[in-house]
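To start, the structure itself, in structure tokens.
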């Protein structure tokens, strides 16, 4: 039962990290794109991505927190590599 909670929390955080990466102003400038997210919106995405980890830490289950943290870290690197690849193709 708890594994579904940590998987959902990880998916939610990874989704917000992906949105954050897609709206990164430096990456968009380098690609010649305009727009993106403003600073308050980026801060909101960061807080939203961290909230599930705080909730998991509040449960006191260290294994669940490590799964969430490791999943977010690995997925963050994958998103960064994916965005770097799509920027190099232009």
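In this note's numbering, the protein residues as written are 1362 to 1451.
Cβ coordinates follow ideal geometry from the N, Cα and C atoms, glycine included.
Please state whether DSSP places residue 1363 in a helix, a strand or coil. It is helical.
Considering Cα atoms alone, identify which of 1401, 1446, 1434 and 1426 is closest to residue 1364. Nearest C-alpha to residue 1364 among 1401, 1446, 1434 and 1426: 1426.
First through last residue of the alpha helix (DSSP H) which encompasses residue 1405: 1400-1420 is the extent of the alpha helix (DSSP H) around residue 1405.
Per-residue DSSP class, three states only, for residue 1427: Note: residue 1427 maps to helix in three-state DSSP.
Quick one, which of 1375, 1398 and 1399 has its alpha-carbon nearest residue 1434's? Closest option to residue 1434, Cα to Cα, is 1375.
Ignore the nearest five residues each way along the sequence and tell me which others in residue 1373's own chain have a CB closer than 7 Å to its CB. So the list reads 1413, once near-sequence residues are dropped.
Cβ-Cβ distance between residue 1382 and residue 1444 below 8 Å: In this structure, residue 1444 lies closer than 8 Å to residue 1382 by Cβ.
Please classify residue 1370 as buried or exposed, where buried requires at least 16 neighbouring CB atoms within 10 angstroms. Residue 1370 should be labelled buried.
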